[in-house]
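Residue numbers -17 to -1, 1 to 389, in mature numbering (1 follows the signal peptide of the UniProt record, and there is no 0), belong to the letters of the sequence shown in order.
Yeah, the Cβ is synthetic: ideal placement off N, Cα and C, and Gly gets one too.
Encoded as structure tokens, the structure appears first; notes follow it.
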Amino acid sequence: MKHLTLILFLLPFQILAQIKGQIFSAGDKKPVPFAAVFINNSTIGTTSDEEGRFTLPQLSPGKHELIVSVLGFEKHLEVINAPVNQAFKIYLTEKSQELDMVLVKAFDKDGWMTWGKLFTECFIGTGTNASQTKLLNSKDLRFRHNKKEKILEVFAVAPLKIKNKALGYDLEYHLEVFRVDFNNNTQLYAGYPFFKEPSKLSKKQKERRQASYDASLTKFLKSLYHNKLQEDGYLVRKLVEVPNREKQRVRALYDKYTIRGFDENGSSFIISGPNLPQEIYTPDSLSYFQKILAQPNGTKNLYKDTLSRSQILKRDTKGNKYIQFRDYLHIVNTKHLEDPLYLSFNRESRTVGPQTSMLKMTEDEPIEIQENGNYFPPLNLISIDYWGWSNKIADLLPLDYKSSTP
């Protein structure tokens, strides 16, 4: 299965600009107390007081996502650009109870029993840290499996509580999307994590944090931003996937027509479709079709020459930095080896090699990257292969994490 990981990132904490505001109900305009207020994917957060007021510590210049969440209201996302010289007034929309009742009826019975193992592998992960990372409130998950479309969706009725003993974090994860597409062998999840630091870290936890950081997409994007690809050991090449045209033709034939059965002599079979003429094929043709459909969707051609930073990263007149590319970026992290569990998960018997991943853009819109490795729009970039496997909750770090080797 391809491992597509999609996680929303935000900026680190530095002492520059303070964020203040007040939260109200959009319906009756009354203050909303005790709402969780935090900067997405960080350790920066607070709770609104009885008058709905909140204050966050200073933030670094740049783009941030401010998340507000409280029971009974829709989650609110406020994109802010620090430094900020204004107090925010945030209005929350009440959740529809009628809609919630409709959704409850659509969920699978005994969903966790059926899908819990798959969800844990896709969300928490299967790497070294996964065995010490626990989801504490699986009862708040709801599952919906569309058998016809072969798609599994998972919803959370409350923030997910996660204890990561390996890295020393307690997390609240506000799950927005979780989807497994069995037809295309892909998985995707997205949400808003908030990290709580312990009072003390062990030496082992510090080492594990550093190892997770060294294997992360965040480090690569920071390295790209700061022009340190060569120093950090990254080799970036272009990879092009050439589609299997014959498989596309045969698949289109199968999608358009329906096999009706063999003729009276058993020497050929007939396929037909709505408002389409019948076509007759020999059994050899059917065997050929099945053979073609078993082939890969295409072949991947990896370019020999490595890409320079200027071929990947562009800058606008304001100094903002963007990436935009076609096909795939093939990225080898030459300084760090794969986790042996990655080979076990993929049932590979080879020895471990350098961590090798791919990036693909889902839209043509340029992706802005920032100094700390954050990127916008977050839904426009997917990671495949090693990053797709490793960048799960068990290895997730906040963007205000400070590496011992930046």
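Does Ile(-11) come out as helix, strand or coil in the three-state DSSP assignment? Note on Ile(-11): pLDDT 45, under 50, position unreliable in the model; the coordinate value appears next. Coil, per DSSP.
Work out the CA separation of Gln273 and Gly244 for me, nearest whole Å. Note that Gly244 has pLDDT 48, beneath the 50 cutoff, so the model's placement of it is unreliable and the number below is only indicative. Cα-Cα distance, rounded: 16 Å.
Rounded to whole angstroms, what is the Cα-Cα separation between Tyr208 and Phe126? 39 Å
Which of helix, strand or coil DSSP assigns to residue 430: There is simply no residue 430 to check, as the chain begins at -17 and stops at 389 in what is shown.
Could you check what DSSP says for Leu204 in three-state terms: helix, strand or coil? helix
According to DSSP, what are the bridge partners of Arg309? Note: Arg309 sits in no beta bridge, so no partner.
Span separating the alpha-carbon of Gly249 from that of Leu236: Note that Gly249 scores a pLDDT of 47, beneath 50, so its modelled location is shaky and nothing firm can be said.
Near Pro381, which residues of its chain fall below 7 Å by C-beta distance, leaving aside the five closest residues on each side in sequence? Asn24, Ser25, Thr26 and Phe178
Any 3 or more C-beta pairs closer than 8 Å across the region 98 to 108 and the region 149 to 165: yes
Can you tell me which of Leu39, Gly94, Lys46 and Trp98 puts its alpha carbon nearest to the alpha carbon of Ala70? Leu39
Would you please state the rounded distance, in angstroms, between the beta carbons of Lys283 and Glu224? I believe it to be under 8 Å. 5 Å
Own chain, CB closer than 6 Å to Glu33, minus 5 neighbours either side, in chain order: Pro16
By the DSSP assignment, the beta strand (DSSP E) with Ser52 in it spans what residues? Gly45 to Ser52
Taking contact to mean at least 3 C-beta pairs separated by less than 8 Å, is the region 51 to 58 in contact with the region 4 to 21? yes
Taking the alpha-carbon of Lys92 as reference, which of Leu49, Val137 and Pro279 has the nearest alpha-carbon? Val137
In whole angstroms, what separates the C-alpha of Leu184 from that of Gly151? 7 Å
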